[in-house]
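Protein chains in written order, with this note's numbering: chain A, 1 to 114; chain B, 1001 to 1116.
One structure below.
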Amino acid sequence: AQSVTQPDIHITVSEGASLELRCNYSYGATPYLFWYVQSPGQGLQLLLKYFSGDTLVQGIKGFEAEFKRSQSSFNLRKPSVHWSDAAEYFCAVGARGGSYIPTFGRGTSLIVHP
Amino acid sequence: DAGVIQSPRHEVTEMGQEVTLRCKPISGHDYLFWYRQTMMRGLELLIYFNNNVPIDDSGMPEDRFSAKMPNASFSTLKIQPSEPRDSAVYFCASSPRGFSGANVLTFGAGSRLTVL
């Protein structure tokens, strides 16, 4: 079965600074990979996804993520954070050839200082 | 499309009462999921349906929880009797099965349940 780890429970950055949120997965083959964002009081919204092809994927709101097979990672990045990016971020992994249902990490809470 | 619609958004009830949460998935999505989110346990998959049929309910915590999907546009999650430890945010999500096989979920805004 697949699993996903988000090592950082909280990340604090200053507005305008760059951001990287870590995600590591465990799966025997190339998985499907996702990042979702949850704003306060809202449901989760898909930021971006990786299925195949180019390992650097672009998402909404200026986010990108890079799939690194050798490191079993799918880290989320943004070059300049805005105060409105403060939210909870979830990495998820889905198995090819299995149930395809994504498994979610515990989430990373992003705090943005003015 | 209006997205995934959940009701009620907030529910406060007393221990022992029955609670029913409702979900309307996106039209054309053939998968429906129920999740529970708490600070302690994070996001937990309770049950999911494919074409209105329950596929995996191994995440349902106990017999007090039940879920139904009588048609493609409606699902319910029922807790009877409710207990304080059921207090959580319950999310419904729906998904099409994409050509690649992956499930890309669209979530509702959630139902926040407080059991006193």
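Each residue gets a CB set at the ideal place from its N, CA and C atoms; glycine is no exception.
Whose C-alpha, out of the options, is nearest the C-alpha of residue i?
i                       : options                        : result
residue 113 of chain A  : A:56, A:24, A:83, A:49         : A:83
residue 1004 of chain B : B:1026, B:1016, B:1021         : B:1026
residue 90 of chain A   : A:67, A:105, A:13              : A:105
residue 1071 of chain B : B:1062, B:1046, B:1085, B:1050 : B:1050
residue 1031 of chain B : A:110, A:107, A:109, A:101     : A:101
residue 1108 of chain B : A:29, A:10, A:41, A:12         : A:41
residue 1110 of chain B : B:1043, B:1016, B:1018         : B:1043
residue 1104 of chain B : A:22, A:93, A:111              : A:93
residue 1092 of chain B : B:1019, B:1016, B:1018, B:1074 : B:1074
residue 29 of chain A   : A:71, A:77, A:62               : A:71
residue 1018 of chain B : B:1102, B:1085, B:1079, B:1084 : B:1079
Whole angstroms are fine: how far does the CA of residue j sit from the CA of residue i?
i                       : j                       : result
residue 20 of chain A   : residue 81 of chain A   : 10 angstroms
residue 1006 of chain B : residue 64 of chain A   : 30 angstroms
residue 55 of chain A   : residue 1069 of chain B : 38 angstroms
residue 34 of chain A   : residue 1076 of chain B : 27 angstroms
residue 5 of chain A    : residue 51 of chain A   : 19 angstroms
residue 7 of chain A    : residue 1056 of chain B : 28 angstroms
residue 66 of chain A   : residue 75 of chain A   : 6 angstroms
residue 17 of chain A   : residue 85 of chain A   : 12 angstroms
residue 32 of chain A   : residue 1065 of chain B : 30 angstroms
residue 1039 of chain B : residue 44 of chain A   : 15 angstroms
residue 1021 of chain B : residue 1048 of chain B : 15 angstroms
residue 1052 of chain B : residue 15 of chain A   : 45 angstroms
residue 1041 of chain B : residue 107 of chain A  : 11 angstroms
residue 1089 of chain B : residue 79 of chain A   : 32 angstroms
residue 1062 of chain B : residue 39 of chain A   : 30 angstroms
residue 53 of chain A   : residue 69 of chain A   : 12 angstroms
residue 57 of chain A   : residue 22 of chain A   : 15 angstroms
residue 1084 of chain B : residue 1008 of chain B : 18 angstroms
residue 1054 of chain B : residue 1067 of chain B : 8 angstroms
residue 159 of chain A  : residue 1102 of chain B : The structure shown does not extend to residue 159 of chain A, since chain A is modelled only from 1 to 114, so the question has no answer here.
residue 77 of chain A   : residue 1016 of chain B : 46 angstroms
Whose C-beta lies closer than 8 angstroms to the C-beta of residue i among residues of the same chain, with five residues either side of it excluded?
i                       : result
residue 1029 of chain B : 1094, 1095, 1096, 1106
residue 122 of chain A  : This structure does not reach residue 122 of chain A, given that chain A is present from 1 up to 114, and the question cannot be answered.
Where does residue i land, buried or exposed, given buried means 16+ other C-beta within 10 angstroms?
i                       : result
residue 2 of chain A    : buried
residue 95 of chain A   : buried
residue 26 of chain A   : exposed
residue 1082 of chain B : buried
residue 1060 of chain B : buried
residue 1012 of chain B : exposed
residue 1036 of chain B : buried
residue 12 of chain A   : exposed
residue 9 of chain A    : exposed
residue 1002 of chain B : exposed
Spatial neighbours of residue i within its chain, please: C-beta separation below 7 angstroms, excluding the five flanking residues on both sides.
i                       : result
residue 1087 of chain B : 1113, 1114, 1115
residue 122 of chain A  : Absent from the model: residue 122 of chain A. The displayed extent of chain A is 1 to 114, so no value can be given.
residue 1010 of chain B : 1112
Who are the Cβ neighbours of residue i in its own chain at under 6 angstroms, not counting the five residues just before and after it?
i                       : result
residue 73 of chain A   : 24
residue 59 of chain A   : 47, 48
residue 1014 of chain B : 1116
residue 37 of chain A   : 45, 47, 87, 89
residue 1045 of chain B : 1035, 1059
residue 109 of chain A  : 10, 88
residue 1023 of chain B : 1006, 1075, 1092
residue 1121 of chain B : No statement about residue 1121 of chain B is possible, as the shown extent of chain B runs from 1001 to 1116 and does not include it.
Using 7 angstroms as the cut-off, classify the Cβ of residue i as near or not near the heavy atoms of the ligand FMN, replying yes or no.
i                       : result
residue 1068 of chain B : Absence of the ligand FMN is noted for the structure shown, with no ligands found whatsoever.
Q) Where are the alpha helix (DSSP H) runs, 4 residues long or more, that stay fully inside the segment 5-70 of chain A, in chain order? A) Within the segment 5-70 of chain A, no complete alpha helix (DSSP H) segment of 4 residues or longer occurs.
(Q) As an exercise, report each continuous beta strand (DSSP E) stretch of at least 3 residues that is fully enclosed by the segment 1048-1096 of chain B, in chain order. (A) Runs of the beta strand (DSSP E) lying entirely within the segment 1048-1096 of chain B, each at least 3 residues long, are 1053-1056, 1065-1071, 1074-1079, 1088-1095 in chain order.
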